[in-house]
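If you count the sequence shown from 1, you need to add 9 to reach my numbering.
Heads up: the structure comes next, in structure tokens.
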Amino acid sequence: MKHLSWFFFALFTAFSYAEPFERPAGVADGEEPLIATGYRALFTCSAHFVAGRDSQTDIENVELVDTKVHGFPQPEIDADKGLVVARSTKGHEMVAMYRDTMGCTLLPPNWSAGDAARLPTISYPKRAVSSTEDFPYGDNIQLPRSGIHRSFRALSPVIDKAFDGESYTAGSVTVGVLILQNGRPIVERYRSGFGPHSGYRTWSTAKSISSMVIGVAVKEGHLALDAPAPVPQWQEGDDPRQAITLRHLLHMSSGLYSGGNNTNAIYFGGQDVISAAATTHLEAEPGSRWKYANNDTLLALLALRAQLGNDLEYLHYPYDRLLHKIGMLNTRMEVDHVGNFIGSSQVYTTARDLGRFGAFLHNKGRWRDEQIVPESWIEFITTPAPARVTEEGDWNYGGQFWLMDNIKGVPADAYTTAGNKGQYVTVVPSLGLVVVRTGVNPNGVRWDHNGFMADVIGSIQAR
């Protein structure tokens, strides 16, 4: 039985102990003590409760490595309550709360740990993919100890380089590589301490997952690409933001003021999506400018929430309509404290679930006998955004996916997700390839995905 243990849509009437933490467009300095503290609370929560990582020392050295310079005390894990409390040396305290069906949510700093019971929570039946059915429909993958199919031994040097921390950018840290050809696993390898069911934050690969959720909503008639985006905060009078369509949002062409990829106040400061993303002004005519903006993705999901008009249905929607249908049972789309999906970054999943996502894309939105999104949606996400201007060697941009249509050694039909610290699901339709690479690269280290993909493709074509 589905239920909502607590929820409210009129979020601005929420009781508070002090002023909420709010910044225009959600922009905040990542080195700000409160933001760094929130980062440590949220990542410790997800690492421990979602990914099952028990060693706090290991979490400190992997998930929290970029915040160690602050010298903050180790976050405290309350396993009984599902809470993590992190503190700064400046007196800041941030709390992250875990719910099995929803992952972790950061409480705003004007809440206390006792307010965790106010968070939205849903339930759904626990399921597991079959251990005997072949991947991607089940979890059965039969590969040699090397993790490379015997027919694809030519890939061995490439996969070795992917894990050496030097070949595809010095300092890179690969967690896993999973490669499918025509739906069949040909490579699966993980670094020590991680495995097939080790979860990690997708960062901006979440945008691509969110795009497919929106694709389902378009198919079902809840949203339309070229209709004004039904964001409630824009509906008064002749608000110029009514000219923004769903297509503009998915193409990163809303024209709205934003911090681009800086929404730290939402991600790590406990600010809600609406106060950050739905209150910004237009800087450019919608559709005339391409600017990568986390808020455009968040607004597309906010439009879905408004159009559904049912918060319970909204919270279930990604799971019921997409994720669970394609076997992504270890995936959690995390929300802010008032139940808005933070679908620009906060999706927690595994390499195998990302492999299923890639197989779903390769099958043009079809899973088993069901066309979950129409093939026309795959065409939309892989068609260049009109306002995006690229130069030789640049990636183009589609509908919340990057297009590798201009990369030496890579077929022009290749397209990919891309997330901070090296999260990629790349589809090459002409070769039947799906390539998943997950990582925990430290800040400032950018994985050379062009080089990696060119080497993978070259090895496969030369065998």
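No residue lacks a Cβ here, since even glycine has one placed at the ideal position from N, Cα and C.
Within the model, the alpha-carbon separation for residue 32 versus residue 45 is close to 16 Å. When the beta-carbon positions are compared, residue 302 and residue 363 stay at least 8 Å from each other. Between the region 37-54 and the region 103-117 there are three or more C-beta pairs closer than 8 Å, enough to call the two in contact. The alpha carbon of residue 387 has as its nearest neighbour, out of 408, 445, 79 and 77, the alpha carbon of 408. Between residue 313 and residue 226 a beta carbon distance of about 5 Å is seen, short of the 8 Å cut, so the two are scored as contacting. In this structure, the straight-line span from the alpha carbon of residue 30 to that of residue 106 is close to 18 Å. Excluding its 5 nearest sequence neighbours in each direction, residue 138 has C-beta neighbours in its own chain below 7 Å: 147, 148, 336 and 338, listed in chain order.
Residue 462: member of the alpha helix (DSSP H) spanning 458-471, first to last residue. DSSP, reduced to helix, strand and coil, places residue 85 within a strand of the structure shown. Per the C-alpha coordinates, the member of 376, 330, 251 and 424 positioned closest to residue 296 is 251.
By the criterion of at least three beta-carbon pairs nearer than 8 Å, the region 389-399 is not in contact with the region 444-460. DSSP lists 149 as the beta-bridge partner residues of residue 143. Around the beta-carbon of residue 346, 16 or more other beta-carbon atoms lie within 10 Å, marking it buried. A straight line joining the alpha-carbon of residue 416 with that of residue 459 spans about 7 Å. Contact between residue 228 and residue 383 holds: their C-beta atoms lie close to 6 Å from each other, under 8 Å.
Here residue 331 carries a helix assignment [DSSP, helix/strand/coil]. Going by DSSP, residue 221 is part of the alpha helix (DSSP H) stretching over 214-228.
Counted as a single uninterrupted DSSP element, the beta strand (DSSP E) harbouring residue 436 occupies residues 433-437.
Around the beta carbon of residue 202, a 10 Å sphere encloses fewer than 16 other beta carbons of the protein chains shown; the residue is thus reported as exposed. For residue 399, the secondary structure class from DSSP, reduced to helix, strand or coil, is coil. Closest in alpha carbon position to residue 254, among 285, 288, 305 and 286, is 305.
Looking at the DSSP output, residue 209 bridges to 358.
Selection 414, 418, 455 and 421 evaluated against residue 432 yields 455 as nearest (Cα-Cα). Taking every protein chain shown into account, the CB of residue 290 has fewer than 16 other CB atoms within 10 angstroms, so this residue is exposed.
Rounded to whole angstroms, the gap between the alpha carbons of residue 141 and residue 443 is 22 Å. Our two residues, residue 245 and residue 368, have alpha carbons roughly 42 Å apart in a direct line. Annotation: residue 188 is outside any alpha helix (DSSP H); the continuous beta strand (DSSP E) that includes it extends over 183-190. The beta carbon of residue 424 is closer than 7 Å to those of 391, 407, 410, 411, 412, 413 and 436 in its chain, skipping five residues each way along the sequence.
Secondary structure remark: continuous alpha helix (DSSP H) runs of at least 4 residues inside the region 24-82, in chain order: 42-54 and 65-70. Nearest in C-alpha terms to residue 311, of all of 281, 240 and 361, is 240. The straight-line gap separating the alpha-carbon atoms of residue 389 and residue 236 is approximately 15 Å. When rounded, the separation of the alpha-carbon atoms in residue 192 and residue 144 is 8 Å. For the options 238, 461, 188 and 471, the alpha carbon positioned closest to that of residue 441 is the one of 188.
DSSP lists 375 as the beta-bridge partner residues of residue 380. Non-local beta-carbon contacts of residue 380 in its own chain, meaning distances under 7 Å to residues more than five positions away in sequence, involve 374 in chain order.
Within the DSSP bridge table, the entry for residue 103 names 95 as partners.
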